[in-house]
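**Q** Numbering (the UniProt record's numbering), first residue to last: 1 to 354.
Note that the Cβ used here is the ideal one computed from N, Cα and C, for glycine as well.
Before we start, here is the structure in question, set down as structure tokens.
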């Protein structure tokens with residue numbers, strides 16, 4: 001594929017991203033989407049005994065605010081990609097480089113924030129000590145505050161007032177993007193007023209040739225554009241899949257706080273994938289009696305399949321809907337998994353939520 005066609009494919013990818021972002025404008029009204037849910041959490045939390053009456057809303061707002069940040073940063077990506085696309089079309093390499101570096105910084109900062117939420121979820125598993133739970137939750141709250149409200153400057157005395165430093169953010173991104181630091185250093189060479197920056201609009205040798213922007217077929221322009229494209233590919237797996245799942249897991253912890261018998265000593269307990277039944281037929285489907293919620297039952301389903309070497313993937317066609325049943329006024333869904341050892345059936349409570 002020629003470099004020109006590479007640029008054309010990147011332009012097409014940028015345009016696709018912009019088009020999808022503009023179609024999803026309705027999801028950015030956070031209050032319209034979540035006001036009722038916030039009220040429900042507030043009311044239900046007020047009826048809980050201490051300390052769950054405090055823990056539940058704290059967890060909810062971590063879920064709420066982290067999801068807000070996902071959508072906030074997604075909108076900033078949209079604006080920056082529009083600027084990058086314009087930089088390519090208008091043959092403005094300075095704009096392309098500046099906005100690509102800014103995009104990398106934005107992606108890295110959100111990665112740092114969501115890594116903190118993921119760490120909270122991992123550390124809460126099986127935790128029953130209130131002091132440790134408060135500390136774990138506070139760390140995630142702090143990172144969310146710094147992500148949105150943090151400011152630059154050297155004279156800030158409170159940690160929560162400090163913006164996440166770009167080096168910290170890039171390091172967090174490197175957990176998933178191994179060349180993030182190299183890409184950032186490369187882009188910085190073209191943003192600062194030095195030789196790299198001058199190279200974008202000249203021959204690279206002082207006093208020689210014609211001053212003007214490099215063409216889009218130039219290797220430097222192509223590499224900068226590819227960095228931007230790779231950031232969007234990362235965004236597709238993280239902003240669209242991984243990060244929302246982290247907010248959903250946090251939301252599920254709130255749901256667990258509202259279950260019957262929930263206490264600070266057991267609300268974060270880990271259940272073992274030990275089902276009733278033999279899973280061979282719909283009538284004898286595996287059933288996790290101790291699962292407190294539908295989501296926990298689904299997790300135990302995957303845990304069971306993984307523990308028995310089946311490597312479940314919900315998108316590969318091996319799982320099909322096996323029907324619905326009602327027992328004692330409760331609705332249950334059947335999942336049928338195709339495996340090398342034959343079909344395995346699971347009975348899952350229907351989702352109720354908060």
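Note down, one range per segment and in chain order, each beta strand (DSSP E) of at least 3 residues found wholly within the region 253 to 313.
**A** none
**Q** Give the DSSP-derived three-state secondary structure of residue 96 in the structure shown.
**A** The residue labelled residue 96 in the question sits at position 96 within the chain shown. Here residue 96 sits in helix by DSSP.
**Q** Quick one: is residue 14 buried, meaning 16 or more other Cβ sit within 10 Å of its Cβ, or exposed?
**A** Locating residue 14 in the chain shown gives position 14, counting from the first residue. The C-beta of residue 14 has 16 or more other C-beta atoms within 10 Å across all chains shown, which makes the residue buried.
**Q** In terms of residues, what are the limits of the beta strand (DSSP E) holding residue 333?
**A** Mapped onto the chain shown, residue 333 falls at position 333. From DSSP, the beta strand (DSSP E) with residue 333 extends over 330 to 339.
**Q** For a minimum of 4 consecutive residues, which ranges assigned as the alpha helix (DSSP H) are wholly contained in the region 211 to 257?
**A** 219 to 237, 243 to 257
**Q** For the candidate residues 235, 327, 181, whose alpha-carbon lies nearest to that of residue 74?
**A** In the chain shown, counting from the first residue as 1, residue 74 sits at position 74. Comparing Cα positions, the closest option is 235.
**Q** For residue 238, is the classification buried or exposed, using 16 other Cβ atoms within 10 angstroms of its Cβ as the cut-off for buried?
**A** Here residue 238 refers to the residue found at position 238 when the chain shown is read from its first residue. Residue 238 should be labelled buried.
**Q** Quick one: what does DSSP say residue 3 is sitting in, helix, strand or coil?
**A** Reading the chain shown from its first residue, position 3 is the one you call residue 3. Unreliable positioning characterises residue 3 in this predicted model, as indicated by a pLDDT of 44, which lies under 50. The coordinate reading is nonetheless provided below. The answer is helix: DSSP assigns residue 3 an H, G or I state.
**Q** Any heavy atom of the ligand FMN inside 7 angstroms of the beta-carbon of residue 210?
**A** The ligand FMN is not among the ligands present in this structure, which contains no ligands whatsoever.
**Q** Can you list, in chain order, the residues of its chain whose CB lies under 7 angstroms from that of residue 99, leaving out five sequence neighbours each side?
**A** For the purposes of this step, residue 99 is taken as the residue at position 99 of the chain shown. Contacts found: 80, 83, 84, 87.
**Q** Do residue 164 and residue 250 have their C-beta atoms closer together than 8 angstroms?
**A** Position 164 of the chain shown, counting from 1, holds the residue named residue 164. Position 250 of the chain shown, counting from 1, holds the residue named residue 250. Against a cut-off of 8 angstroms, the Cβ pair of residue 250 and residue 164 comes out as no contact.
**Q** Could you name the residues that DSSP lists as bridge partners for residue 88?
**A** Residue 88 sits at position 88 when you count from the first residue of the chain shown. According to DSSP, which records beta bridges pairwise, residue 88 is partnered with nothing at all.
**Q** Look at the alpha carbon of residue 306 and the alpha carbon of residue 56, and state the distance between them as a whole number of angstroms.
**A** In the chain shown, residue 306 corresponds to position 306, counting from 1. In the chain shown, residue 56 corresponds to position 56, counting from 1. One C-alpha to the other measures close to 30 angstroms.
**Q** Which value, in whole angstroms, describes the spacing of the CA atoms of residue 304 and residue 92?
**A** Mapped onto the chain shown, residue 304 falls at position 304. Mapped onto the chain shown, residue 92 falls at position 92. Between residue 304 and residue 92, the C-alpha separation is close to 54 angstroms.
**Q** Find out if the Cβ-Cβ distance for the pair residue 225, residue 10 is shorter than 8 angstroms.
**A** Position 225 of the chain shown holds residue 225. Position 10 of the chain shown holds residue 10. Contact flag set, yes.
**Q** Leaving out the 5 sequence neighbours to the left and right, which residues in its chain are closer than 7 angstroms to residue 19 when beta-carbon positions are compared?
**A** Here residue 19 corresponds to residue number 19 of the chain shown, with the count starting at 1. For residue 19, where only same-chain residues beyond five positions count, there are no Cβ hits under 7 angstroms.
**Q** Taking only three categories from DSSP, how would you classify residue 347?
**A** The residue you call residue 347 lines up with position 347 of the chain shown. Residue 347: strand per DSSP, three-state reduction.
**Q** List the residues that DSSP assigns as beta-bridge partners of residue 327.
**A** On the chain shown, position 327 is the one that residue 327 refers to. Bridge partners of residue 327: 330.
**Q** Taking only the alpha-carbon atoms, compute the straight-line gap between residue 343 and residue 252 and give it to the nearest angstrom.
**A** Your numbering for residue 343 matches position 343 in the chain shown. Your numbering for residue 252 matches position 252 in the chain shown. The alpha-carbon atoms of residue 343 and residue 252 are separated by roughly 29 angstroms.
**Q** Quick check on the DSSP output: the alpha helix (DSSP H) that includes residue 166 runs from which residue to which?
**A** The count along the chain shown starts at 1 and reaches residue 166 at position 166. Note, residue 166: alpha helix (DSSP H), 166 to 173.
**Q** My parser needs the alpha helix (DSSP H) runs of 4 or more residues fully inside the region 169 to 207; what are they?
**A** 180 to 191, 195 to 199
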